[in-house]
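Working notes, beginning with the structure itself.
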Amino acid sequence: MAEAFRGEFYQKVDAKARVSIPAAFRAILNSDDPQKGEKGGARLYLVYGGKARTFVECYSKHGADRLAEDIEAMEMGSPERTRAERDLISRSVMVEIDADGRIVLPPRVREKMGFAGDLPSDAEAAFAGFTNRFRLYRREVYDAELAEDDEDDDIDPLTLVGRHKRTG
Numbered sequence: 001m002a003e004a005f006r007g008e009f010y011q012k013v014d015a016k017a018r019v020s021i022p023a024a025f026r027a028i029l030n031s032d033d034p035q036k037g038e039k040g041g042a043r044l045y046l047v048y049g050g051k052a053r054t055f056v057e058c059y060s061k062h063g064a065d066r067l068a069e070d071i072e073a074m075e076m077g078s079p080e081r082t083r084a085e086r087d088l089i090s091r092s093v094m095v096e097i098d099a100d101g102r103i104v105l106p107p108r109v110r111e112k113m114g115f116a117g118d119l120p121s122d123a124e125a126a127f128a129g130f131t132n133r134f135r136l137y138r139r140e141v142y143d144a145e146l147a148e149d150d151e152d153d154d155i156d157p158l159t160l161v162g163r164h165k166r167t168g
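Its first residue numbered 1, the sequence shown is counted upward by one per residue in UniProt numbering.
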């Protein structure tokens, strides 16, 4: 397995919808995109599909290609493949990280995150690592989801991993 996206980071979103990608995540994005984009920056794929999702799923070039391969392995014309293609491929956008380590959040991504219209001066994004991808939330939404998750503290997460541990 390649390097995993790990950790939680909070970054300001400026009035032009620019946000800095955490350095740890940029390093992975750079290594997963050796050819880089048109301007020489690593490419980042932002998936904003899925009605129930309160976040934007973010993939490196390599991760986005693997996701597309997994979808292509699904039965052509099946409802599952059509839904996956619509929500994970069609409803996505590629952005290139600039020389300062920032991206501009595209309009559909801002809308998904709840940043429609003028951005407040205190707008913040939360970046949450999820091994082969990371999620991008509006900070308030992420904090609320964490508070809900804390109510399930009766389960040790290592026992969940143990149930699915690879062998060999």
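Just so you know, even glycine gets a beta-carbon here, dropped at the ideal spot from N, CA and C.
Note that this is a predicted model, so its numbers are computed, not measured.
Could you pull out every residue in the same chain whose Cβ sits closer than 6 Å to the Cβ of residue i, ignoring the five residues on either side in sequence?
i	result
N132	G63
D61	A small fix is needed here, since residue 61 is Lys in this sequence, not Asp. D32, D33 and R43.
V104	A17 and R18
G37	R43 and E96
R102	R18 and S20
Go ahead and pull the three-state DSSP assignment for residue i.
i	result
T159	helix
I103	strand
A126	strand
R138	strand
K112	helix
R86	helix
R53	coil
Have a look at the DSSP bridge pairing and note the partners of residue i.
i	result
M94	Y45
T131	F5
K12	E124
R26	BP columns for R26 are empty, so no partner.
residue 193	Outside the shown range of the chain (1 to 168) lies residue 193, about which nothing can therefore be said.
S78	None, per the DSSP bridge assignment.
R66	R66 pairs with nothing; no bridge assigned.
Quick check: what's the CA-CA separation for residue i versus residue j?
i	j	result
S20	S90	25 Å
D14	G129	22 Å
M74	R83	11 Å
Y45	G7	19 Å
G114	D143	14 Å
V56	G117	18 Å
G77	G49	19 Å
R163	R26	32 Å
A68	C58	14 Å
F134	F5	6 Å
A23	S121	23 Å
R53	E111	12 Å
Below 6 Å, is the gap between the Cβ of residue i and the nearest heavy atom of the ligand ATP?
i	result
E75	Summarising the ligand content, the structure contains no ligands, and the ligand ATP is consequently not present.
Looking only at its chain, what residues have a beta carbon closer than 8 Å to the beta carbon of residue i, apart from the 5 residues adjacent to it on each side?
i	result
G41	E96, I97, D98 and A99
Might you give, ordered along the chain, the residues of its own chain that have their beta carbon closer than 7 Å to the beta carbon of residue i, omitting 5 neighbours on each side?
i	result
R139	Y10, E124, A125 and A126
I71	R81, A84, E85, L88 and I89
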